[in-house]
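**Student:** Attaching a single structure in structure tokens format; questions to follow.
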Amino acid sequence: MYNTPLRGNYKANMKNILLCLSTLLCLQACQNTAIKKAPTSSANKQPAMLDDRAEFTDAHALLNSLNQCYENTSCNNQLEAELNNWLLEKNLLTEAGEIETDEQNIGQLPKNVTTKNGLVLNNIRLSSNYMNNELIKGALNEWLTWKRPQLINTWQYYQYLRKDMSQTFVKYQIDESLILAIMAQESGGKVHSRSRVGAGGLFQIMPATAKRLGIYGKHGAYDQRFSPQQSAIAAAQYLREQKQLYAGDKAKILAAYNSGENRFARLNRRYNNKSIWDKNFYYELPRETRHYIPVVLAAMLIFQDPAKFNVQLNEVAAEVVAVSLGHKSSLSQLAVCLG
499 MYNTPLRGNY KANMKNILLC LSTLLCLQAC QNTAIKKAPT SSANKQPAML
549 DDRAEFTDAH ALLNSLNQCY ENTSCNNQLE AELNNWLLEK NLLTEAGEIE
599 TDEQNIGQLP KNVTTKNGLV LNNIRLSSNY MNNELIKGAL NEWLTWKRPQ
649 LINTWQYYQY LRKDMSQTFV KYQIDESLIL AIMAQESGGK VHSRSRVGAG
699 GLFQIMPATA KRLGIYGKHG AYDQRFSPQQ SAIAAAQYLR EQKQLYAGDK
749 AKILAAYNSG ENRFARLNRR YNNKSIWDKN FYYELPRETR HYIPVVLAAM
799 LIFQDPAKFN VQLNEVAAEV VAVSLGHKSS LSQLAVCLG
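With our numbering, the residue at position 219 of the sequence shown is 717, and numbering never jumps.
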């Protein structure tokens with residue numbers, strides 16, 4: 499969680515207080531037309547309580563006062579209460595249960611801040627309109643910058659697999675742009691990708707899921723999940739099942755794909771099948787899934803209309819052929835010979 503408690507480690511919390519409170523309280527002080535200074539007494543060295551209503555005309559005085567108040571438990575407690583009340587009055591905070599923030603590895607996203615009292619500063623806009631959804635906009639920034647090579651490589655690899663895969667997606671009525679987006683995030687278009695948890699192939703299918711969908715098995719030492727044709731069939735079947743369950747809602751389809759169909763089905767029932775972009779619903783998803791959904795949807799938008807995002811994806815007239823060798827040779831040797 500990304501929390502900002504008003505107590506704890508002194509240096510860390512002072513940084514949070516000085517960045518947040520000094521700005522907010524300075525703004526409040528500047529708005530007052532009549533500024534009065536509270537009298538000070540050398541005999542009383544205790545920090546001023548907030549009910550003294552002392553006004554500050556410069557940032558230095560404010561920071562000194564905050565520092566003194568922070569070191570006094572009673573003043574610190576009152577400061578926290580007064581600040582929360584002020585933020586509520588200004589409609590900058592809403593009362594809500596404690597939640598986790600959005601993924602920190604989605605670039606350039608504003609963060610929600612949760613206080614220890616469960617007051618949440620809401621900056622993230624979640625929307626079923628993808629271009630108005632700030633998580634998806636942040637993920638677009640990823641794909642168009644440092645993840646751009648992964649996006650383009652996926653497209654180029656797919657050109658050599660398209661003939662064996664595309665008809666399956668047409669048959670099951672799965673958008674090619676969605677398929678490409680899943681491949682880009684799951685495997686980068688690499689046929690023999692494996693994950694540390696046992697998922698494999700272009701679509702990172704788990705063994706149990708592959709078995710349920712009828713493609714689990716081996717030809718000699720070859721796992722069928724690494725066959726472009728067989729993995730396409732499994733992925734298309736699975737996506738069609740979820741498409742029917744969730745009326746084509748791509749965000750929910752992806753949530754089920756990533757977090758597990760049964761796990762997501764239970765969560766969806768608990769929220770009475772409401773929009774997944776409802777914040778209470780969305781933040782109950784696993785952390786990885788909260789990252790996965792906007793990233794895949796962003797890639798899908800690019801594959802749907804590359805020119806709109808200044809991405810050039812050229813089709814390649816590629817064809818896979820079978821070659822028979824007269825002698826034994828390793829794949830690494832062939833790769834070098836064929837460039």
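Glycine included, C-beta positions come from ideal geometry on N, C-alpha and C.
The model shown is predicted, which means the values in this text are computed figures rather than measured ones.
#1: Measure the beta-carbon distance from Q702 to S685 and round it to whole angstroms, keeping in mind my assumption that it falls under 8 Å.
#2: Which ranges does the alpha helix (DSSP H) cover as unbroken runs of at least 4 residues, wholly within the stretch 728-803, from first to last along the chain?
#3: Under a Cβ-count criterion, where at least 16 other Cβ atoms within 10 Å of its own Cβ denotes burial, should H825 be classed as buried or exposed?
#4: I believe L624 touches Y780 by the beta-carbon criterion, under 8 Å. Please report the beta-carbon distance rounded to the nearest angstrom.
#5: Counting pairs of beta carbons, one from the stretch 791-808 and one from the stretch 631-639, are three or more of them closer than 8 Å?
#6: Classify R694 as helix, strand or coil using the three-state DSSP reduction.
#7: To the nearest angstrom, how far is the alpha carbon of L823 from that of E632?
#8: Locate the alpha helix (DSSP H) running through I448, then write down its first and last residues.
#9: Measure the Cβ-Cβ separation of D721 and G687 and say whether it is below 9 Å.
#10: For I703, which three-state DSSP category applies?
#11: What are the boundary residues of the alpha helix (DSSP H) that Y656 is part of?
#12: Using a Cβ-Cβ cutoff of less than 7 Å, which residues in the same chain neighbour R692 once the five nearest sequence positions on both sides are dropped?
#13: Taking the alpha-carbon positions, what's the R761 to D803 distance?
#14: Rounded to whole angstroms, what is the Cα-Cα separation between K772 and R723?
#15: Short of 6 Å in beta carbon distance, which residues of its chain neighbour Y769, apart from the five on each side in sequence? Order them along the chain.
#16: Counting C-beta neighbours from all protein chains within 10 Å, is the total for Q810 16 or more, i.e. buried, or is it exposed?
#17: Considering just the uninterrupted stretch of the alpha helix (DSSP H) at E640, what are its terminal residues?
#18: Going by Cα to Cα distance, which pick from G712, R788, Q735, E739 is closest to A749?
#19: Measure the C-alpha to C-alpha separation of Q735 and D662 and round it to an integer number of angstroms.
#20: So, are the CB atoms of L700 and A733 less than 9 Å apart?
#21: Out of curiosity, what's the CA-to-CA distance linking Q831 and Y744?
#22: Please classify E813 as buried or exposed, where buried requires at least 16 other C-beta atoms within 10 Å of its C-beta.
#23: Note down the Cα distance separating V689 from G758, rounded to an integer number of angstroms.
#24: Can you tell me which of R767, Q576, V818, G712 puts its alpha carbon nearest to the alpha carbon of L659?
#25: For A797, count the other beta carbons within 10 Å of its own beta carbon; 16 or more makes it buried, fewer makes it exposed. Which is it?
#26: Here's a check: name, in chain order, each residue in its chain whose Cβ is nearer than 8 Å to the Cβ of W775, leaving out the five neighbours to either side.
**Tutor:** Taking the definition as stated:
#1: Indeed, because the Cβ distance is near 6 Å, the residues count as touching under 8 Å.
#2: Listed in chain order, the complete alpha helix (DSSP H) runs (minimum 4 residues) inside the stretch 728-803 are 748-757, 759-768, 777-780, 785-802.
#3: H825 is exposed by the Cβ-count criterion.
#4: Sure, about 6 Å apart at Cβ, within 8 Å.
#5: The stretch 791-808 is in contact with the stretch 631-639.
#6: Look at R694 here: in three-state DSSP terms it is coil, with no helix or strand label.
#7: A direct Cα-Cα distance of roughly 54 Å separates L823 from E632.
#8: No information on residue 448 is available, as it lies outside the stretch 499 to 837 that the chain covers here.
#9: The answer is no: Cβ separation not under 9 Å.
#10: In the structure shown, I703 falls within a strand segment according to DSSP collapsed to helix, strand and coil.
#11: Its alpha helix (DSSP H) spans residues 646-657.
#12: G698, listed in sequence order.
#13: The straight-line gap from Cα to Cα measures roughly 33 Å.
#14: Rounded to whole angstroms, K772 to R723 spans 34 Å at the Cα level.
#15: In chain order, F779 place their CB closer than 6 Å to the CB of Y769, counting only its own chain and leaving out the 5 sequence neighbours on each side.
#16: The residue in question, Q810, is exposed, as its Cβ has fewer than 16 Cβ neighbours within 10 Å.
#17: E640 -> alpha helix (DSSP H) spans 632-641.
#18: Taking the Cα of A749 as reference, the smallest distance to any Cα among G712, R788, Q735, E739 is reached at R788.
#19: Straight-line measurement puts the Cα of D662 at about 16 Å from the Cα of Q735.
#20: Yes; because the gap between Cβ atoms is below 9 Å, this pair is in contact.
#21: Per the coordinates, the alpha-carbon of Q831 lies some 47 Å from the alpha-carbon of Y744.
#22: Exposed, by the Cβ-count rule.
#23: The straight-line gap from Cα to Cα measures roughly 22 Å.
#24: Among R767, Q576, V818, G712, the Cα nearest to that of L659 is on V818.
#25: Note on A797: 16 or more other CB atoms within 10 angstroms of its CB, so buried under the neighbour-count rule.
#26: Within the same chain, Cβ atoms closer than 8 Å to the Cβ of W775 are found at L624, S625, S626, N631, A749, the five residues on either side in sequence being excluded.
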